[in-house]
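There are 2 protein chains.
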Amino acid sequence: MVQKEPKDEKAPRGRPRAYDPDAALANATGAFWRAGFSATSLDELSAATGMNRPSLYGAFGDKRALYLQALKRYTEEGRAAMHEALAPGPDLRESLLRVYDAALALYLPKGEAPRGCFLINTGSAESLNDDDVRAQLAGALREFDREFEQRFRRAQAEGELDAEADPVLLSKVASALLHTLALRSRAGDGRAAMRATAVAGVELICGPAGGRKSRPTRGG
Amino acid sequence: MVQKEPKDEKAPRGRPRAYDPDAALANATGAFWRAGFSATSLDELSAATGMNRPSLYGAFGDKRALYLQALKRYTEEGRAAMHEALAPGPDLRESLLRVYDAALALYLPKGEAPRGCFLINTGSAESLNDDDVRAQLAGALREFDREFEQRFRRAQAEGELDAEADPVLLSKVASALLHTLALRSRAGDGRAAMRATAVAGVELICGPAGGRKSRPTRGG
DNA sequence: GTGTTTTTGTACTATATTGCACATAAATAT
DNA sequence: ATATTTATGTGCAATATAGTACAAAAACAC
Chain S
716 MVQKEPKDEK APRGRPRAYD PDAALANATG AFWRAGFSAT SLDELSAATG
766 MNRPSLYGAF GDKRALYLQA LKRYTEEGRA AMHEALAPGP DLRESLLRVY
816 DAALALYLPK GEAPRGCFLI NTGSAESLND DDVRAQLAGA LREFDREFEQ
866 RFRRAQAEGE LDAEADPVLL SKVASALLHT LALRSRAGDG RAAMRATAVA
916 GVELICGPAG GRKSRPTRGG
Chain U
716 MVQKEPKDEK APRGRPRAYD PDAALANATG AFWRAGFSAT SLDELSAATG
766 MNRPSLYGAF GDKRALYLQA LKRYTEEGRA AMHEALAPGP DLRESLLRVY
816 DAALALYLPK GEAPRGCFLI NTGSAESLND DDVRAQLAGA LREFDREFEQ
866 RFRRAQAEGE LDAEADPVLL SKVASALLHT LALRSRAGDG RAAMRATAVA
916 GVELICGPAG GRKSRPTRGG
């Protein structure tokens, strides 16, 4: 009953899986990403993952459960990437631009068709019909807001940002830029135009000439 | 036979329609709005419009054609409302807030469940699979951007906005606020929080204390 | 009235889709 | 080797869905 050795090297008992669960989930994500939840059939998911239907059901449950797990995985990866982009080191402008550049790289994969954001562009279509999707969407947006917010608080603490600025509101505006990039990617907008928008947004958020009011120390 | 009188009062020849085409299209829009294109069945559309399937086909064509016409109608109404909100009269801040308040009223109908934006939240889910949807989405976003842009140009001409500001880039940021409101409505965010975000965005766009400060010109 | 035109309503067909049953395969345990 | 366990693969059943055929209905023209 109680395993004393929770090693990963445990010998599984029956026939080994022919797939890597995380890779399969990533491929299922790719299928859902293109067409959304409703327009993606189990046949497409089966083809994308290389798993047949019964294996899909055994591994992830039904189509909806698979979609929810794909959303969860995607959100966690996105949040990790965002946390990394906002990590200490670069100044505020640079930090924010790293987030937007990472988003653009995700939304406009090199050599492939634009795809926008799996969470924003497919989750919001489904959210009115599915409370769990809506909850995941809401939770993810909140987390992304918080990542920005914490970065703004640090910027204030370091004198990079006006002390009177409201980090919560600024985080919402910073997120709005992310949301517009996701949407515009799906509308076919070009990378350069979107990056210019992000830069303009960053300038508005960070305020004129490196800080909002007083002149803090340059560089950081 | 040349009709000399192209009046609307012309007597149609066969059995009269039992529906009002524009009302039916509005009701179909409502059905698509909730669930998106793929997840809305013809039975639901039939129930929403009160028309049976053959009448739907006769009036609008197949499901996709109906969706495209719904999108077109919605976009035109939205653009008209936006144009109205940005019409001369109020100052820039007030003009922008009128747009965001109108959007919130549309996205969060009183007494009903939140629904977000039909175009943004359902169109972007479908846009990768349907070139016509993508084209309509892109065209609509462009039109909305232009409405903001023209308002910013007028604000500059009237000295309401720094002459060095870039109206194109500001319009993209102003649209980003619209996009985030659409998304957040569908995530369940509250009206007050969203309005506060819009106000904060307007303040950033209009600049400190009435709008005479250095603005970003070009990014890159 | 009879005929023409257009819309409506019922019923239908063809297909797609989801989810699962059941037998087979591939591993371990003893 | 034999039993046990877990995964796979074929195939299927129940349902849902899109789109249409066809007859009845409701208007006009004469």
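Here the protein sequences line up with chains S and U, keeping their order. Per this note's numbering, residue 716 is the first one in the first sequence, and the count goes up by one each step. Per this note's numbering, residue 716 is the first one in the second sequence, and the count goes up by one each step. The beta carbon of each residue, even a glycine, is placed where N, CA and C say it ideally should be.
Give me, in chain order, the residues of the same chain whose beta-carbon lies closer than 7 Å to that of residue i; leave out the 5 immediate sequence neighbours on both sides.
| i | result |
| --- | --- |
| S:Phe752 | Tyr782, Thr837, Glu841 |
| S:Tyr822 | Pro829, Arg830, Gly831, Cys832, Leu896, Ala897, Ser900 |
| U:Leu819 | Leu896, Arg906, Met909, Arg910 |
| U:His894 | Ile835 |
| U:Arg813 | Ala800, Pro805 |
| U:Gln865 | none |
| S:Asp737 | none |
| S:Gly922 | Asp877 |
Should residue i be listed as close to the ligand FMN, given that the test is whether its C-beta is under 6 Å from any heavy atom?
| i | result |
| --- | --- |
| U:Leu919 | Questions concerning the ligand FMN fall outside what the structure shown contains, since it holds no ligand whatsoever. |
One question on the structure: do residue i and residue j come within less than 7 Å of each other, judged by their Cβ atoms?
| i | j | result |
| --- | --- | --- |
| S:Arg808 | S:Val888 | no |
| U:Ala780 | U:Leu760 | no |
| S:Leu1006 | U:Ala915 | It is not possible to answer for residue 1006 of chain S, since the shown part of chain S is limited to 716 through 935. |
| S:Arg788 | S:Leu740 | yes |
| U:Thr790 | U:Ala855 | yes |
| U:Ala795 | U:Ala817 | no |
| S:Leu919 | U:Leu757 | no |
| U:Glu862 | U:Met797 | yes |
| U:Asp860 | U:Ser886 | yes |
| U:Ala913 | U:Tyr815 | yes |
| S:Pro882 | S:Arg869 | no |
| U:Ala902 | S:Ala853 | yes |
Residues in its own chain within less than 6 Å of residue i by CB, not counting five upstream and five downstream?
| i | result |
| --- | --- |
| S:Gln871 | Ala878 |
| S:Gln851 | Leu786 |
| U:Pro803 | none |
| U:Arg732 | none |
| S:Asn742 | Ala763, Thr764 |
| U:Arg849 | Ser842 |
Counting only the same chain and skipping the five closest in sequence on each side, list residues whose C-beta sits under 8 Å from that of residue i.
| i | result |
| --- | --- |
| U:Tyr734 | Thr764, Gly765, Met766, Ser770, Ala774 |
| S:Glu858 | Thr790, Arg794 |
Say whether the stretch 843 to 860 of chain S touches the stretch 869 to 877 of chain U, bearing in mind that this needs 3 or more beta-carbon pairs closer than 8 Å, one atom from each stretch.
no
Check whether the stretch 799 to 815 of chain U touches the stretch 759 to 773 of chain U, taking contact to mean three or more Cβ pairs, one atom from each stretch, closer than 8 Å.
no
4-residue-minimum alpha helix (DSSP H) runs that sit fully inside the stretch 749 to 811 of chain S, ordered along the chain:
757 to 764, 768 to 775, 778 to 800
Please go through the stretch 811 to 891 of chain S and give each complete alpha helix (DSSP H) segment of 4 or more residues, from N-terminal end onward.
846 to 872
Segments of 3+ residues assigned as beta strand (DSSP E) that fall wholly inside the stretch 895 to 923 of chain U
none
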